[in-house]
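A.B. asks: The sequence shown finishes on residue 449 if you use the UniProt record's numbering, and the numbering steps up by one all the way, no holes.
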Amino acid sequence: MSSHGAPVPMTAHPCGPLSGVAEVPGDKSISHRALILGALSVGETTVTGLLEGQDVLDTASAMRAFGADVERRGETWHIHGVGVGGFAEPETVIDCGNSGTGVRLIMGAMATSPITATFTGDASLNRRPMARVTDPLALFGARAVGRAGGRLPMTIVGAEDAVPVRYATPVPSAQVKSAVLLAGLNAPGQTVVIEREATRDHSERMLAGFGAEVSVEDDAEGRIITLTGQPDLRPQTIAVPRDPSSAAFPVCAALITEGSDVLVPNIGLNPTRAGLFTTLREMGADLVYENPREEGGEPVADLRARFSPDLRGIEVPPGRAASMIDEYPVLSAVAACAEGRTLMTGVRELRVKESDRIDAMARGLEACGVTVEEGEDWWAVTGRGAGSVAGGARVESRLDHRIAMSFLVLGFAARAAITVDDCGPIATSFPIFEPLMRTLGATLTTEAA
1 MSSHGAPVPM TAHPCGPLSG VAEVPGDKSI SHRALILGAL SVGETTVTGL
51 LEGQDVLDTA SAMRAFGADV ERRGETWHIH GVGVGGFAEP ETVIDCGNSG
101 TGVRLIMGAM ATSPITATFT GDASLNRRPM ARVTDPLALF GARAVGRAGG
151 RLPMTIVGAE DAVPVRYATP VPSAQVKSAV LLAGLNAPGQ TVVIEREATR
201 DHSERMLAGF GAEVSVEDDA EGRIITLTGQ PDLRPQTIAV PRDPSSAAFP
251 VCAALITEGS DVLVPNIGLN PTRAGLFTTL REMGADLVYE NPREEGGEPV
301 ADLRARFSPD LRGIEVPPGR AASMIDEYPV LSAVAACAEG RTLMTGVREL
351 RVKESDRIDA MARGLEACGV TVEEGEDWWA VTGRGAGSVA GGARVESRLD
401 HRIAMSFLVL GFAARAAITV DDCGPIATSF PIFEPLMRTL GATLTTEAA
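#1: Taking 9 Å as the cut-off, decide whether the C-beta atoms of R306 and L233 are in contact.
#2: So what does DSSP say about S3, is it helix, strand or coil?
#3: Output yes or no for whether 9 Å exceeds the beta carbon distance between A68 and I79.
#4: Who are the near neighbours of R320 in its chain, counting only those whose CB is closer than 6 Å to its CB and skipping five residues on each side?
#5: Going by DSSP, which residues form a beta bridge with R293?
#6: At the level of alpha carbons, what is the spacing between T116 and N98?
#7: When the Cβ atoms of the segment 36-46 are set against those of the segment 18-25, are three or more pairs found closer than 8 Å?
#8: How close, in whole Å, do the beta carbons of R281 and G313 come, if the pair is a contact with beta carbons under 8 Å?
#9: Between which two residues does the alpha helix (DSSP H) containing F407 stretch?
#10: If contacts are defined as beta-carbon pairs under 8 Å, then L105 and H32 qualify, I think. What distance do you get, rounded to the angstrom?
#11: Pop quiz: T272 and S323 are said to be a contact at Cβ under 8 Å. What is the actual Cβ separation, rounded to whole angstroms?
#12: Tell me the DSSP secondary structure of M130 in three-state form.
#13: Based on the DSSP output, what are the partners of I79 in its beta bridges?
#14: Would A12 pass as a contact of L410 if the rule is Cβ separation under 9 Å?
#15: Compare the beta carbon distance of L408 and P250 with 9 Å and say whether it is the shorter of the two.
#16: For T228 versus G189, is the C-beta spacing smaller than 9 Å?
#17: Closest to E327 by CA distance: which of A414, V93, A247, A168 is it?
#18: Measuring only the C-alpha atoms, how far is R438 from L18?
#19: Going by C-alpha distance, which of S178, G392, A162 is nearest R132?
#20: Rounding to the nearest angstrom, what Cα-Cα distance links D95 and R143 in this structure?
#21: By the DSSP assignment, the alpha helix (DSSP H) with D232 in it spans what residues?
#22: Of the residues I267, G387, S355, which one's Cα is nearest the Cα of K28?
#23: Going by C-alpha distance, which of P153, P170, E75, F433 is nearest R348?
#24: Comparing C-alpha positions only, which one of R304, G284, G364, R196 sits nearest to N291?
#25: Which residue comes first and which comes last in the alpha helix (DSSP H) that contains M324?
#26: Taking the beta carbon of P172 as the centre, do at least 16 other beta carbons fall within 10 Å, making it buried, or is it exposed?
#27: Taking 9 Å as the threshold (C-beta atoms), are E447 and D422 in contact?
#28: Using DSSP's beta-bridge definition, name the partner residues of L227.
#29: Restricting to runs no shorter than 3 residues, where is the beta strand (DSSP E) found entirely within the segment 348-382?
#30: What does DSSP give as the partner residues of F140 in its beta bridges?
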């Protein structure tokens, strides 16, 4: 079932060319962080372009529960913060819905204050591992009590006298890194995070923008991020760039749907997020960056994607995984329409996302007639070129928004329609997906559950 009500089955039908302008929503990662850092500042932060998907709205509700004043007036969000260390103890359970980013970052932000909070989520989030965050938070002095295996619902008892930590992340995870840095805000001295592989760096950029003292350097250990604790964060005016993870869907749909030409404007191309677009171009995609520029310290461009009938399978470098971890499902849909084998390695993290994304995509692709191989930390999709995917299947989204959208994208280019059993979770990150794709010329139908 959908986490937001009854299942919403949806069918993507083979369609003609997709064309037009795809105005995708604001960046989800930056939206979460804008709300949290605004709540930890003193004064009013204003945010335009905030992603108003359910994941981000749940984070806004959580910031209210911790004492910040968060409201939307017109097209602008206003956050009156309480300052570092100023969180109040919430009176109710914090429900983060489907958002792993939201819950892990919020846990970090409150873990070094002497308050207690209980977190829960939907069925998908409550299956996801939280020990990867609660283990380093324990080093600050916080305590976590949850279900077996470190699962939600979980209560975090914040540290009475927080101490700074030095922590090497065991897996490449921007969520873990960010949780530790946010916890370090209310600890004296310097908190240090060491990454062996660089992950998306929005937290470092935004912390510095809000006035925190943050340094980043590379040495033999990896990437070293140092944060000086107990700063006075300054409120900011933030214009959220558009989300590259959302842009992936209209871009990939255009690349595999015959005759398509789609422009996706104002997309953030932070190098720690743009791995998919690099990979697509290596596969032979007709994908062009137009009007490249910088906005708010982030590189931005308009993406033009045209039907690419000569896509070829490649081996995706494992070192690129952190910069495109959320995009592997839709990449596999493109790979199904390419000629040859696309090998994806170093992707163990996909096993513990909203679903086991390797298994979910593999089973669905096989149902659509595509050859898939897989291991614990890798998978491969072998395509037979444009127009080769049979389709004609009903697949499971497994409460995962990216799985649902990836199969809908594939349905536009398959020989027969593809039905996704529940597209309700799409609202968590891309609430305008269906009308946007229809505007471009896609054929989507819904059915009674």
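Note that CB positions come from ideal geometry on N, CA and C, so glycine has one too.
C.D. replies: Looking at the atomic coordinates:
#1: no
#2: Caution applies to S3, whose pLDDT of 45 falls short of 50 and renders its modelled position unreliable; the value that the coordinates give is listed next. Three-state DSSP puts S3 in coil, outside helix and strand.
#3: yes
#4: G275
#5: V300
#6: 22 Å
#7: no
#8: Incorrect: roughly 14 Å between the Cβ atoms, too far for contact.
#9: 401-413
#10: 6 Å
#11: 5 Å
#12: coil
#13: T45, V70
#14: yes
#15: no
#16: yes
#17: A247
#18: 9 Å
#19: S178
#20: 19 Å
#21: That residue, D232, is in no alpha helix (DSSP H); it is neither H nor E in DSSP.
#22: I267
#23: P170
#24: R304
#25: Note, M324: premise wrong, no alpha helix (DSSP H); not H, not E.
#26: buried
#27: no
#28: T191, V214
#29: 371-374
#30: According to DSSP, which records beta bridges pairwise, F140 is partnered with nothing at all.
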